[in-house]
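In my numbering, the protein residues as written are 5 to 114. As structure tokens, the structure follows; a few thoughts come after it.
In structure tokens form, the structure reads like this:
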């Protein structure tokens, strides 16, 4: 048996238009804005629940700050870095998990 019908959707509203599938791979996206003044945003995707560490380094390789060190669920995560206390220069943002690591270069311009 098969049934065919019509549904009137003229007064319907989409409750949420965001679809957040579970990512297939680890990703560390380019921070934005870059170059930046005071604050930049880092977007990261995790395919599985994992421990994630995100740190900031200067051009000499010295660790300046740990932005996060925690367990994150799978999905897309956004981290904001406020660098008001640092001088203008080149910095490196490093993300590390049990299965992935990546580094992105950013320019702080005051």
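Cβ atoms here follow ideal geometry from the backbone N, Cα and C, with glycine treated the same way. Remember, it's a predicted structure, so these values are computed and weren't measured experimentally.
Inter-segment contact for the segment 61–70 and the segment 26–39 is absent: fewer than three beta-carbon pairs are separated by less than 8 Å. Per DSSP, the continuous beta strand (DSSP E) segment holding residue 98 begins and ends at 93–100. As DSSP reads the structure, residue 55 sits in a beta bridge with 75. Residue nearest to residue 79 within the set 37, 48, 44 and 96 is 48 (criterion: CA-CA distance). Within its own chain, the residues whose Cβ lies closer than 6 Å to the Cβ of residue 87, once the five positions on either side in sequence are excluded, are 112, listed in chain order. Only residues of its own chain outside the window of five on either side were considered, and among them 44, 110 and 111 have a CB closer than 7 Å to the CB of residue 38, listed in chain order.
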